[in-house]
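Here's the structure, in structure tokens; my notes come after.
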Amino acid sequence: MAVAQVIIDIPAQQTNRPFDYEVPENLTALAVPGVRVLVPFGRSGHLRQGFIWRVVDKSDFAGQLKPVARILDLDPVLNQEMLALAKWLAQDTFSFLISCLQTMLPSALRANYQRRFHLLAPLAANDPLQALLDREDSGLIPDNIAADLLAEIKRLEQKGQLTIDYQISQKTKIKQEKVFKTSLTSDQYQGLRQSVRANAKQQLLLLDFLIAQAPFVGNSATWLVKVPGLKAATLSQAVKKGWLAAEEKEVYRQPLTEVTATTPKKLTSEQQAAFTTIIKSMDQAEHTTFLLEGVTGSGKTEVYLDAMQHALAAGQTALMLVPEISLTPQMVERVQGRFPGQVAVLHSGLSVGERYDEWRRIERGEAQVVVGARSAAFAPLKKIGIMILDEEHESSYKQEDMPRYHARDVLLKRAETYHCPVILGSATPSLESRARAQKGRYQLLRLTKRPNTIQMPQVNVIDMRQADKIAGKSDLSKQLVDQLNLRLERHEQSVLLLNRRGYANFVLCRDCGHVIKCPNCDISLTLHRDTNSLKCHYCGHQEAIPSACPQCHSQNIRSYGSGTQKVEQEIQELLPTARILRMDVDTTARKGGHERIIKQFGAHQADILLGTQMVAKGLDFPDVTLVGVINADTSLSLPDFRASERTFQLLTQVSGRAGRADKQGEVFIQTYNPENYAIQLASAQNYEAFYQKEMGIRHQGGYPPYYYTILISVNHRQEDQAVQKIYQIQNWLQPQLSEAAVVLGPTARMITRINNQYYYQLIIKYKSEPRLLKALQTLIMKMQSKTNRGFQLRVDREPMQFM
DNA sequence: AGCACGCCGACT
DNA sequence: GTCGGCGTGCTC
Numbered sequence: 001m002a003v004a005q006v007i008i009d010i011p012a013q014q015t016n017r018p019f020d021y022e023v024p025e026n027l028t029a030l031a032v033p034g035v036r037v038l039v040p041f042g043r044s045g046h047l048r049q050g051f052i053w054r055v056v057d058k059s060d061f062a063g064q065l066k067p068v069a070r071i072l073d074l075d076p077v078l079n080q081e082m083l084a085l086a087k088w089l090a091q092d093t094f095s096f097l098i099s100c101l102q103t104m105l106p107s108a109l110r111a112n113y114q115r116r117f118h119l120l121a122p123l124a125a126n127d128p129l130q131a132l133l134d135r136e137d138s139g140l141i142p143d144n145i146a147a148d149l150l151a152e153i154k155r156l157e158q159k160g161q162l163t164i165d166y167q168i169s170q171k172t173k174i175k176q177e178k179v180f181k182t183s184l185t186s187d188q189y190q191g192l193r194q195s196v197r198a199n200a201k202q203q204l205l206l207l208d209f210l211i212a213q214a215p216f217v218g219n220s221a222t223w224l225v226k227v228p229g230l231k232a233a234t235l236s237q238a239v240k241k242g243w244l245a246a247e248e249k250e251v252y253r254q255p256l257t258e259v260t261a262t263t264p265k266k267l268t269s270e271q272q273a274a275f276t277t278i279i280k281s282m283d284q285a286e287h288t289t290f291l292l293e294g295v296t297g298s299g300k301t302e303v304y305l306d307a308m309q310h311a312l313a314a315g316q317t318a319l320m321l322v323p324e325i326s327l328t329p330q331m332v333e334r335v336q337g338r339f340p341g342q343v344a345v346l347h348s349g350l351s352v353g354e355r356y357d358e359w360r361r362i363e364r365g366e367a368q369v370v371v372g373a374r375s376a377a378f379a380p381l382k383k384i385g386i387m388i389l390d391e392e393h394e395s396s397y398k399q400e401d402m403p404r405y406h407a408r409d410v411l412l413k414r415a416e417t418y419h420c421p422v423i424l425g426s427a428t429p430s431l432e433s434r435a436r437a438q439k440g441r442y443q444l445l446r447l448t449k450r451p452n453t454i455q456m457p458q459v460n461v462i463d464m465r466q467a468d469k470i471a472g473k474s475d476l477s478k479q480l481v482d483q484l485n486l487r488l489e490r491h492e493q494s495v496l497l498l499n500r501r502g503y504a505n506f507v508l509c510r511d512c513g514h515v516i517k518c519p520n521c522d523i524s525l526t527l528h529r530d531t532n533s534l535k536c537h538y539c540g541h542q543e544a545i546p547s548a549c550p551q552c553h554s555q556n557i558r559s560y561g562s563g564t565q566k567v568e569q570e571i572q573e574l575l576p577t578a579r580i581l582r583m584d585v586d587t588t589a590r591k592g593g594h595e596r597i598i599k600q601f602g603a604h605q606a607d608i609l610l611g612t613q614m615v616a617k618g619l620d621f622p623d624v625t626l627v628g629v630i631n632a633d634t635s636l637s638l639p640d641f642r643a644s645e646r647t648f649q650l651l652t653q654v655s656g657r658a659g660r661a662d663k664q665g666e667v668f669i670q671t672y673n674p675e676n677y678a679i680q681l682a683s684a685q686n687y688e689a690f691y692q693k694e695m696g697i698r699h700q701g702g703y704p705p706y707y708y709t710i711l712i713s714v715n716h717r718q719e720d721q722a723v724q725k726i727y728q729i730q731n732w733l734q735p736q737l738s739e740a741a742v743v744l745g746p747t748a749r750m751i752t753r754i755n756n757q758y759y760y761q762l763i764i765k766y767k768s769e770p771r772l773l774k775a776l777q778t779l780i781m782k783m784q785s786k787t788n789r790g791f792q793l794r795v796d797r798e799p800m801q802f803m
């Protein structure tokens, strides 16, 4: 009898190896690697979801095998390539196989475990469990259930008064909407209208609506009930009375925006040269990595599109990743316009079901081109001919939780399988990539000119130590405000970058110096004017603004430092006619909020777009002639060796937003460090010089790309526990490293406490440590044991954030 | 995460 | 002697 090796979804994930299960005779045809199965697990025998990893003839397991309970897929959801990719990913990122497999799939295919209790005997009069039964999903035990309720459930279960069952429901994969059909004629509704009690407001409202729908009555027209004021309960009552017929109807979610087909633009000679090199590599099926370094506006996208076209012409597919933030309608329309009907889009704005639909279209081969954010690196395309990573320096390509993968590494790995080239594109490549191009591991392609003779913007650095400042508004120089005013008069648009959201940075008592801090984190709270509250940007804690100092009760408490909200208010006071749009986490958090703001600004419904980093990325507004950076220094002062690189990239990018069409753009950068090289070289738009200078610094400090880095971080509710553990880890790890490896720390993280967890960390810098990876795998396993309960360990290879 | 096994204390 | 506390370790 066949034996399936199954990777199981165990919540605690204490294991990383497959478990063997017997395949019942009638399921052997379906039991192939990559299909999802339900298997009994543990003494309880509760079913869990898993993936068949391999099918073998005989098990090495000495005990009695349990049988596979159910096979969930007719065709594997993960093919051989994906399974191999998962294995590599798990090793490369120190994560569990199961989490890698899950990450590759749309969440609609992930198991959704539910615990539900059923009463066998009536509850006591005031039993707290009654509250759970009264909810709509009667008897469902929520994951975040209060401990005392859970204890009560356990108690009753032991007394035999209730049972708990465990269900695995697949999250809805097919979008279903409740649709109501009229089941009576208009006349019959009229009749009912007469007989219903006069105070049955809801029923009358419904009947009036049904009568008004008369033209539809009698035919099969279905309609969605969206009558204002009508409650869902009334509808279900109406169904019971036979007034209406309800049914679940599958709805296709493809918000098909009308796209006009576009034709390829003629390439400039530089673009043509890059394109020719790339397609040569495609034709020869080489997995070359190209670093396409092109200044903003030099037309990288046109090269991507032509390369993708070349793949399609050869019967292959194309995968293009862009940062989430630049996956705007502008970008999507551009790709869809070029390849109408062939494009699937994957981004976080899609619902679970929409994502699944797009994933299916890709998997079935109905879409040959995929545009998406980070996780689209796992798009189930076959016969990939070209892969593109736009804005390759963006840190959002690195996933911050398990598995901590970098989309770039995934693409490069897949390129080996498909023998196809990868294009990494950026105006300001990451130092890692640029250095690899230097060493010849990547092939460097350059686009140095903007087509249509658009000039590079003129960049001015304003020295805030000497600049005229507007009285009382210490963050705005007179020069910048004059420039804003000038654009306002000319009916041109401006973009302002301020790297801090909220209203004020912190709230301080002028008498005793007390700063109001988050009760859960070691960080001061940020003042938000719109909600009139103090917020913690790390844990989300929110509290009212106190009228007196909590320490000395003085009324003399003030806020310091400017955030987007305050600057918005200040500019509004200075330029009363200006229409200002604010774009930051607070205004874009809701679904579609980001798009809405971009659309509004693009449609000239505002004169000034003021926002955090996100205004710098991927936006293309032709009428913006002024870009202002209010505080270029905030990102510089961070204790992170990448601070200069980030500042340079941000300033260069935001500068590129100015003057893209026929109008010359101007950039003003306010700074207290005007002589800093990152600011100087960004204003000169000189990437090469920055690269040389920064490489020198990295070499001296022994930082990437000269060294590999690994961050090991431990957190615990109690500080002394976290400290003890990190030293214990260091003592264990150090002897396994060579002399050449450098261990920084242990140190407390910059913000030591977040959400009442204390964080301590170690950074290992190394060039070649053959034993390190194995040791870290062991460490992860050791940390899973019960003696280490309460600790969380994080092993992050090439971390983006060192703080 | 569950669930059982097992090794110690306070009771019929 | 045994009932049950929850520390420890396994789950095919």
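Quick note: the first sequence uses full-length UniProt numbering, first residue 1, plus one each step. All C-beta atoms in this analysis are idealised placements derived from N, C-alpha and C, irrespective of residue type, glycine included.
- Within 10 angstroms of the beta-carbon of Pro142 lie fewer than 16 other beta-carbons, which makes it exposed.
- In this structure, Leu244 sits near Phe180, with a CB-CB distance shorter than 8 angstroms.
- Non-local beta-carbon contacts of Leu476 in its own chain, meaning distances under 6 angstroms to residues more than five positions away in sequence, involve Ile470 in chain order.
- The beta-carbon separation of Glu694 and Glu769, rounded to 25 angstroms, does not stay under the 8 angstroms limit for a contact.
- Per DSSP, the beta bridge partners of Gly294 are Leu447.
- 8 angstroms or more divides the Cβ of Val37 from the Cβ of Val55.
- Checking the DSSP bridge columns, you'll see Ala4 partnered with Tyr21 and Val55.
- Non-local C-beta neighbours of Tyr706 in its own chain, meaning closer than 7 angstroms and more than five positions away in sequence, comprise Arg698 and His699, ordered along the chain.
- Between Val35 and Asp73 a beta carbon distance of about 4 angstroms is seen, short of the 8 angstroms cut, so the two are scored as contacting.
- Between Leu192 and Leu207, the CB-CB gap stays under 8 angstroms.
- Judged by DSSP in its simplified three-state form, Val627 adopts strand.
- Under the DSSP assignment, Ser99 falls in the alpha helix (DSSP H) whose first and last residues are Leu97 to Met104.
- Here Lys300 is buried: its Cβ has 16 or more other Cβ atoms, across all protein chains shown, within 10 Å.
- In the same chain as Pro323, and ignoring 5 residues on each side of it, the C-beta atoms closer than 6 angstroms to its own belong to Glu391, Glu394 and Ser396, in chain order.
- For Glu666, the enclosing beta strand (DSSP E) starts and ends at Glu666 to Thr671.
- Contact annotation, Ile8 with Val39: C-beta distance approximately 7 angstroms; criterion of less than 8 angstroms satisfied.
- DSSP places Leu132 inside the alpha helix (DSSP H), whose first and last residues are Gln130 to Asp134.
- Val39 has Arg48 as its beta-bridge partners, per DSSP.
- Judged by DSSP secondary structure, Gly593 falls outside any beta strand (DSSP E) and instead within the alpha helix (DSSP H) spanning Gly593 to Gly602.
- DSSP, reduced to helix, strand and coil, places Gln792 within a strand of the structure shown.
- Residue nearest to Glu333 within the set Thr93, Thr260 and Leu445 is Thr260 (criterion: CA-CA distance).
- His528 sits buried, since 16 or more C-beta atoms from the chains shown fall within 10 Å of its C-beta.
- Separation of Leu424 and Arg789 (C-alpha to C-alpha, rounded to the nearest whole angstrom) is 42 angstroms.
- Distance from Tyr304 to Met320 at the Cβ level is roughly 6 angstroms; contact confirmed, criterion being Cβ atoms closer than 8 angstroms.
- Membership of Asp463 in the beta strand (DSSP E) is indicated by the continuous run Gln458 to Asp463.
- In this structure, the beta-carbon distance from Ile557 to Cys509 falls below 8 angstroms.
- If one requires a minimum length of 4 residues, the alpha helix (DSSP H) runs lying completely within the stretch 657-725 are 677-683 and 687-701, in chain order.
- Note: Thr163 is bridge-paired with His118 in the DSSP secondary-structure output.
- Under DSSP, Gln761 shares a beta bridge with Ser713 and Thr747.
- Considered as a whole, the stretch 527-564 harbours no complete run of any alpha helix (DSSP H) with no fewer than 4 residues.
- DSSP places Asp468 in the coil class of the three-state scheme, outside both helix and strand.
- If the five residues before and after Cys539 are omitted, its C-beta is found closer than 7 angstroms to the C-beta atoms of Cys518, Asn520, Cys521, Ile754 and Asn755, all from its own chain and listed in chain order.
- In terms of CA proximity to Thr526, Gly563 leads the group Gly563, Arg434 and Ala632.
- Beta-carbon to beta-carbon, Leu444 and Glu293 are separated by about 6 angstroms, close enough to satisfy the 8 angstroms threshold.
- By the 16-neighbour rule on beta-carbons within 10 angstroms, Tyr189 is buried.
- Under the DSSP assignment, Asp92 falls in the alpha helix (DSSP H) whose first and last residues are Gln80 to Thr93.
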